[in-house]
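Residue numbering for the sequence shown follows the working numbering, starting at 97 and increasing by one per position.
From the three backbone atoms N, C-alpha and C, an ideal C-beta is built for every residue, glycine too.
Small disclaimer: the values here were computed from a predicted structure and weren't measured.
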Amino acid sequence: MTSKAFILIYFFSQVFLASSQESYKVLYMNGDVYANNTLISIGDKIKDSDSLNFIEEKGLIKVCYSKCKKLRIFSNYFFKKNHIKTISDYTKYYKSLTTRGDKDFIKNVDLKVISEHQIAIIDTLKLNSKEFNLTSDRTNFYYVSYTFKKKEINKKLDYFKNHLIFTNSIYSVENEGKIIPDNNTISLFHYNANKRESTPIVTNLNIHFFDRTVLLKKIKNCCMDTKSNLSLKNKMILLKEYLKTEYSEMKFSENDINKLLNDL
97 MTSKAFILIY FFSQVFLASS QESYKVLYMN GDVYANNTLI SIGDKIKDSD SLNFIEEKGL
157 IKVCYSKCKK LRIFSNYFFK KNHIKTISDY TKYYKSLTTR GDKDFIKNVD LKVISEHQIA
217 IIDTLKLNSK EFNLTSDRTN FYYVSYTFKK KEINKKLDYF KNHLIFTNSI YSVENEGKII
277 PDNNTISLFH YNANKRESTP IVTNLNIHFF DRTVLLKKIK NCCMDTKSNL SLKNKMILLK
337 EYLKTEYSEM KFSENDINKL LNDL
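Next up, the structure:
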């Protein structure tokens with residue numbers, strides 16, 4: 097083979113490779129992102145072979161592809177966690193997500209789970225009290241306790257059909273509105289009024305409440321697009337990536353996630 101023929105073959109192979117690469121249009125950005133050391137902006141196009149570098153810890157971009165009929169998110173969280181450099185590498189990882197189970201969401205929220213993880217609650221958490229083996233009636237009830245501005249705050253929990261009901265009202269303090277407890281932790285107690293005795297159940301709860309309407313608005317703005325016909329699997333992947341990027345230290349329940357998906 098002559099050198100001229102070799103050059104022609106190489107040239108056309110490179111043209112074919114370039115034309116076969118997927119092109120992505122940037123629709124949304126959180127923080128500065130570089131593609132091959134070039135700062136990108138909304139409206140720019142990037143391709144599979146591009147290497148992405150996120151400046152912000154929670155940096156991400158939303159892109160569309162396939163004539164802008166499909167969506168995808170590229171985030172610093174997943175690129176770092178999975179040691180990914182190029183979009184092509186991420187695409188392979190992305191496809192694998194649709195074929196395997198997800199351990200990032202909690203199936204059953206119980207005492208063990210809430211004592212070991214930071215728990216994200218969308219509107220309400222119902223915790224089965226049977227494992228405590230303690231009664232709840234007019235003289236026996238459950239409450240949470242925490243400190244705020246070095247003052248002790250106690251909040252009685254609602255109780256219904258063997259379940260403790262946690263809502264964001266536990267973080268409402270008179271003349272203060274919604275607050276964040278000192279050290280971000282609360283304790284759960286059972287109180288026996290006849291004995292005037294409190295029994296500690298768990299003392300290191302780290303619970304975060306999210307308003308469903310507000311969270312949905314954020315997710316739709318960042319991840320979803322009414323013009324894109326997304327499958328349930330694709331919505332789940334987009335939702336997962338957003339939540340793990342924004343709230344990587346927290347655990348969401350499968351029940352809450354499925355309810356969110358139904359509203360997207």
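- According to the DSSP assignment, L148 belongs to the beta strand (DSSP E) that extends over 148 to 150.
- Boundaries of the alpha helix (DSSP H) harbouring I210: 207 to 212, taken from the DSSP string.
- V209 is a Cβ neighbour of I202, given a cutoff of 8 Å.
- Judged by pairs of C-beta atoms under 8 Å, the region 125 to 135 touches the region 146 to 161, as three or more such pairs exist.
- Only exposed fits G273, as fewer than 16 other CB atoms lie within 10 angstroms of its CB.
- In the displayed model, I169 falls within a strand according to three-state DSSP.
- When DSSP states are grouped into helix, strand and coil, C319 belongs to the coil group.
- Here G139 is exposed. Its C-beta has fewer than 16 other C-beta atoms within 10 Å.
- At a Cβ-Cβ threshold of 8 Å, L207 and V298 count as neighbours.
- No Cβ-Cβ contact shorter than 8 Å links V269 with F285.
- T281 and S232 have their alpha carbons spaced roughly 24 Å apart.
- For K251, there is no enclosing alpha helix (DSSP H); the enclosing beta strand (DSSP E) has its first and last residue at 247 to 252.
- Per DSSP, N236 is one residue of the beta strand (DSSP E) stretching across 236 to 244.
- With fewer than 16 other CB atoms across the displayed protein chains lying within 10 angstroms of its CB, A289 is exposed.
- In this chain, the beta strand (DSSP E) harbouring Y287 covers 282 to 288.
- Minimum Cα-Cα distance from L326 among the listed residues K165, L301, L123, R234 corresponds to K165.
- Taking the Cα of L339 as reference, the smallest distance to any Cα among F170, I183, L221 is reached at F170.
- Judged by DSSP in its simplified three-state form, I333 adopts helix.
- Looking only at K154, E337, M332, M346, the smallest Cα-Cα distance to K355 is reached by M332.
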